[in-house]
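According to my numbering, the sequence shown is numbered sequentially starting from 128.
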Amino acid sequence: MQKIKIVLPAYNEEESLPELLKEIDFFYSHCGLNLEVIVVNDGSKDNTAGVVNNFPGKVPVRLLDFKENGGLGKVIKDGLFEAVKDLEDTDVVVTLDADNSQNPNLIKRMVSQIHEGSELVIASRYREGSRILGLTRFRKFTSFMAGSIFMVFVGIEGVKDYTCGFRAYKASLLKRGIEKYGDKLIEERGFGCMIEILLKLNTLKPVINEVPMILRYDLKQGDSKMNVSKTIKQTLNILKEYLFGNRFK
128 MQKIKIVLPA YNEEESLPEL LKEIDFFYSH CGLNLEVIVV NDGSKDNTAG
178 VVNNFPGKVP VRLLDFKENG GLGKVIKDGL FEAVKDLEDT DVVVTLDADN
228 SQNPNLIKRM VSQIHEGSEL VIASRYREGS RILGLTRFRK FTSFMAGSIF
278 MVFVGIEGVK DYTCGFRAYK ASLLKRGIEK YGDKLIEERG FGCMIEILLK
328 LNTLKPVINE VPMILRYDLK QGDSKMNVSK TIKQTLNILK EYLFGNRFK
């Protein structure tokens, strides 16, 4: 049976993570999919690790625990590398934010897209039927502008949302990416890592599609971990390297 591994990068998510794990557990009991959850703890100072270790649900959940904070890019890379190492080419790896702002029920539709020939499926905030709830106008604007800039200067077919972390990757695509780039598949430490891995995997000419998502930022507990000004700088640096450097060849 096809395996689907869900990678959750988590930093100080003891408030949001229990509800998300409950939702994934409920989804697991009804979806008919062979799921495993890998929570990558990025040096949390709260009880994130305890939440994972004591989760009473039926869905298999395991902890990849780091004592030092390495940033989103490192935990995404470590989580993807850990997830894919024992998967068959037809299996799937899903990345999902741990703050409960993204609905795990969408995974079934994303996996269906993989079955239909996609190699990467992005849960998009910019498709018909998408909505964004609870996000400030400034954050909406900066996210939209980042996507618009990359649509103009990069223009990956089928992609409008370049930064969302809710994605489904066919295992064979990740393996090809690791074979080509090795440990440099993700070098960015911050939120720019989602653009970076998309641009690098796109050099392999995969089939990429999007599904509409309702982003429920109003359900998020605690403050955002994103440093907006730093993320904007990272994004512009990535674009500069894409246009004028050799990093994304």
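Every residue gets a Cβ at the ideal spot worked out from N, C-alpha and C, and that includes glycine.
Taken atom to atom, the span from the alpha-carbon of Thr-269 to that of Glu-314 is near 22 Å. Nearest in C-alpha terms to Ser-239, of all of Ser-228, Phe-375, Thr-217 and Leu-260, is Thr-217.
In this structure, Asp-213 is the residue among Ala-176, Asp-213, Thr-290 and Leu-233 with its C-alpha nearest to the C-alpha of Lys-130. In this chain, Phe-293 is not harboured by any beta strand (DSSP E), its DSSP state being neither H nor E. Secondary structure note for Thr-269: it is in no beta strand (DSSP E), and the uninterrupted alpha helix (DSSP H) holding it is 264-280. Across the structure, Gly-159 and Phe-182 are spaced so that their CA atoms are roughly 21 Å apart. Counting C-beta atoms within 10 angstroms of its own C-beta, Val-179 has 16 or more neighbours from the protein chains shown and is therefore classed as buried. Its chain contains Leu-300, Arg-303, Gly-304 and Lys-307 as the residues whose beta carbon lies nearer than 8 Å to that of Leu-331, once the 5 sequence neighbours on both sides are disregarded; these appear in chain order.
Fully enclosed alpha helix (DSSP H) runs of no fewer than 4 residues occupy 233-242 of the region 230-264, in order along the chain.
Annotated three-state conformation of Thr-330 is coil, per DSSP. A residue is called buried when at least 16 other Cβ atoms come within 10 angstroms of its Cβ; Phe-154 meets this threshold and is buried. DSSP places Lys-201 in the uninterrupted alpha helix (DSSP H) bounded by 199-211. Residue Asp-345 holds the alpha-carbon nearest to the alpha-carbon of Leu-260 among Gln-361, Leu-162 and Asp-345.
Pairing Lys-132 with Ala-225 gives a Cβ-Cβ distance that is not under 7 Å. Contact holds between the region 315-322 and the region 187-199, because three or more Cβ pairs, one in each stretch, are under 8 Å apart. Counting the other Cβ atoms within 10 Å of the Cβ of Val-248 gives 16 or more, which makes it buried. According to the DSSP assignment, Asp-192 belongs to the beta strand (DSSP E) that extends over 188-193. Taking the Cα positions, Gly-170 is about 22 Å away from Leu-312. For Val-221, same chain residues with a beta-carbon under 6 Å away, outside a window of 5 residues either side, are Ile-133, Ile-234 and Ala-295 in chain order. DSSP places Lys-185 outside both helix and strand once states are collapsed to three, so it counts as coil. Taking all protein chains shown into account, Thr-175 has 16 or more neighbouring C-beta atoms within 10 Å of its C-beta and is therefore buried. The alpha carbon of Pro-145 has as its nearest neighbour, out of Asp-288, Arg-343, Asn-227 and Leu-328, the alpha carbon of Asn-227. Between Val-166 and Leu-135, the gap from beta carbon to beta carbon is short of 7 Å. Burial state of Asn-364 is exposed, judged by a 10 Å Cβ sphere holding fewer than 16 other Cβ atoms. Pro-231 and Gly-282 have their C-alpha atoms some 28 Å from each other. Annotation: Ala-137 to Lys-357 spans about 19 Å, alpha carbon to alpha carbon.
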